[in-house]
């Protein structure tokens, strides 16, 4: 490709998604004053297109419409065109997605919205094909009709957009009613468990037919439910549902058996054929969830999956500065010579390819058995491909195989007359060779944007895995990423977080000319990460920073009238609504996680107004928590933590002492959802002793590392053996 024919203003942006559109014939503007002024001055409508770099249909709409010269001309003549990366500006995305969902009953990306010059939406949708079809109006027709409407009925349009805005304001308000109080946790937990249980897939795990998303918030809810009801049949079922789902996901095609990590979701009921993009927020949450599954069950299988995810992230999503990249795309070129990208090309296999790579005869197996035979049998590989045409509308996977574990090791071994103990090494060798072959293929696009919120989720993943699996290197990786956040996504003079930074030329870390300020989710996920990192490393500076950020979050986002936190701060005139999210989806919503953050913050600081705030958030969401808690499983989980009161587990001891380390290992090996851990090292000038005077009264018994279990700063009798401590943690 020679010199590009067109270049627009997006060429000056840092976001990989915006840069992908810098050579469209559309005269794109980034979201900002220059575009707003142009719309006002020329009295033109705004066409707003929102997407992200790993979004399949965003690529399709760009190929079909935004690269089309004639459609570009229609857009440039009639509209001011704005492109937004939803991962950079979740605030803008939320406002207009609320509108699209309210007016069309559905939503998704690419999102296409038409706005008046004062940014009020009046018509919107998602993907439009370029030309009219039997069932759908084409993009060109929509553009011409809207331009016509603006010419003919401008006043009616403006009036209508004002009414729409008022309705949206009314509809999206979440606030406390009257003398609201937190909902009763027993009922919320029971209802949420029942709703998950009713939607559970007994055969394949998960909580829907298809598509199936990993949704770690559901599994974390079930773990907490189990921990509080260990001896009941419901408790046993909760644990079984969570562990079975995690097993089926790890066996499925949603798990990359060759390159590690998890794809975003499965298009079918069996976790088999995924959408192949890999998102940082999934890896972070799943690493933590698989570590918890290991903590609870002791089954090494779950520890292996957690390590597999962290290997993928360390190798493929890590910047040398310590930060984590956002995502890897689903589409890539099948070979270096290919002209067009295909979904999943990097990850799928033809049977013939595997035979060629694994031709060796296997000793001790039925005569004539090759390594390829064993591998293909175990991973469900078929000669004609193993993807049903129903799941492959564009025929991109015809004749290809998505690896999925179809048999237990015992069954595969029996099929070929092998001793079961030998199978692991054979499959490992097969995976190693396929991995080497796959490294020759063109890689999918990597989104090298680094977001504070998602880095927070990933730090939690490394820190929790490090603690639960007793792997120090994971804790160090988490600390390296936290130091990266402090260096590149925090402004020490204002005390505020920034949303994003970018990998620049020569692998330096770059910032936009006008940095995007952090949103609520950036604060909440980073604060959670710092608490998790403190518990794994016992490095007090992380705690100190977490509490500073919590004060800043209160200042920027708290709603003193209706309670709970707004997603974005006040004072941005281009944002029509300040919203509060009300759904725990692929990522938990910030208000859900912040409830537990506030309770932890209170335990580490003695600031009891944080406990009050936690209760006020639960009160604001009370109606939803009582009726449909399945939409807020993380907040439902937090209601239990709120009503149970967090237990402070204090270990008094020398941080370097073997006895102290043994006590800490005991705490890390037990799943206790309602505890905070702290180390009282005897340094009375240290941060924790200054925050919590009661620590000064706790001492080491007979000079040995000693544990106390405290509630509301009142402590149990001291214990000095890990066995006694375990007994206290698992009553």
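Residue numbers (the working numbering): 1 to 731. Here a beta-carbon is modelled for each residue, glycine too, at the ideal position from N, C-alpha and C.
Contacts around residue i, its chain only, beta-carbon distance under 6 angstroms, and the 5 residues preceding and following it disregarded
i, result
"residue 283", "261, 309, 313"
"residue 121", "96, 99, 113, 115"
"residue 290", "302, 305, 306"
"residue 471", "none"
"residue 139", "65, 128, 130"
"residue 626", "183"
"residue 456", "525, 526, 529"
"residue 584", "217, 592, 632, 633, 634"
Strand pairing of residue i, partner residues [DSSP]
i, result
"residue 503", "509"
"residue 714", "711"
"residue 517", "498"
"residue 225", "For residue 225, which the question treats as bridged, DSSP gives no partner whatsoever."
"residue 255", "262"
"residue 318", "324"
"residue 85", "51"
"residue 298", "Answer is none; residue 298 lacks a bridge partner."
"residue 30", "83"
"residue 369", "Paired residue(s): none; residue 369 is not in a bridge."
"residue 125", "112"
"residue 475", "Note: residue 475 sits in no beta bridge, so no partner."
"residue 279", "327"
"residue 706", "652"
Backbone secondary structure at residue i - three-state DSSP
i, result
"residue 438", "helix"
"residue 343", "strand"
"residue 729", "helix"
"residue 648", "strand"
"residue 114", "strand"
"residue 73", "helix"
"residue 271", "coil"
"residue 354", "helix"
"residue 58", "helix"
"residue 109", "coil"
"residue 245", "helix"
"residue 289", "helix"
"residue 134", "coil"
"residue 630", "helix"
"residue 348", "coil"
"residue 490", "strand"
"residue 329", "coil"
"residue 387", "coil"
"residue 719", "strand"
"residue 67", "coil"
Selected residue, minimal CA-CA separation from residue i, among the options
i, options, result
"residue 467", "195, 492, 666", "666"
"residue 451", "223, 87, 52", "87"
"residue 488", "265, 324, 475", "324"
"residue 406", "251, 383, 243", "251"
"residue 710", "258, 719, 396, 44", "719"
"residue 126", "402, 192, 438, 55", "55"
"residue 393", "570, 426, 292, 267", "267"
"residue 506", "384, 475, 320, 207", "320"
"residue 336", "442, 723, 27", "442"
"residue 490", "622, 171, 599, 545", "545"
"residue 3", "19, 12, 17, 23", "23"
"residue 40", "117, 6, 135, 136", "117"
"residue 345", "397, 50, 359", "397"
"residue 459", "447, 473, 259", "473"
"residue 225", "135, 193, 197, 254", "193"
"residue 272", "602, 12, 348, 81", "348"
Neighbourhood of residue i by C-beta distance below 7 angstroms, restricted to the same chain and skipping five residues each side
i, result
"residue 355", "372"
"residue 14", "502, 510, 512"
"residue 700", "652, 653, 706"
"residue 440", "none"
"residue 484", "321, 322, 323"
"residue 150", "45, 157"
"residue 757", "With the chain represented from 1 up to 731, any question about residue 757 goes unanswered, as that position is not in the structure."
"residue 269", "201, 204, 209, 210, 212"
Sequence-distant residues of its chain with Cβ nearer than 8 angstroms to residue i (five each side left out)
i, result
"residue 419", "364, 413"
"residue 567", "90, 91, 94, 519, 520, 521, 557, 578, 579, 580, 581, 590"
Report the start-end ranges of each alpha helix (DSSP H) in the segment 153 to 197 that is 4 residues or longer and not cut off at the edges. 154 to 171
Complete runs of the alpha helix (DSSP H) confined to the segment 1 to 28 [at least 4 residues]: 16 to 20
Within the segment 393 to 465, note down every full beta strand (DSSP E) run reaching 3 residues or more, in order along the chain. 449 to 451
Which runs of the alpha helix (DSSP H) fall wholly inside the segment 538 to 617 and span at least 4 residues, in chain order? 540 to 557, 590 to 605
Taking the runs of the alpha helix (DSSP H) that are 4 residues or longer, which of them lie wholly in the segment 649 to 695? 658 to 668, 687 to 691
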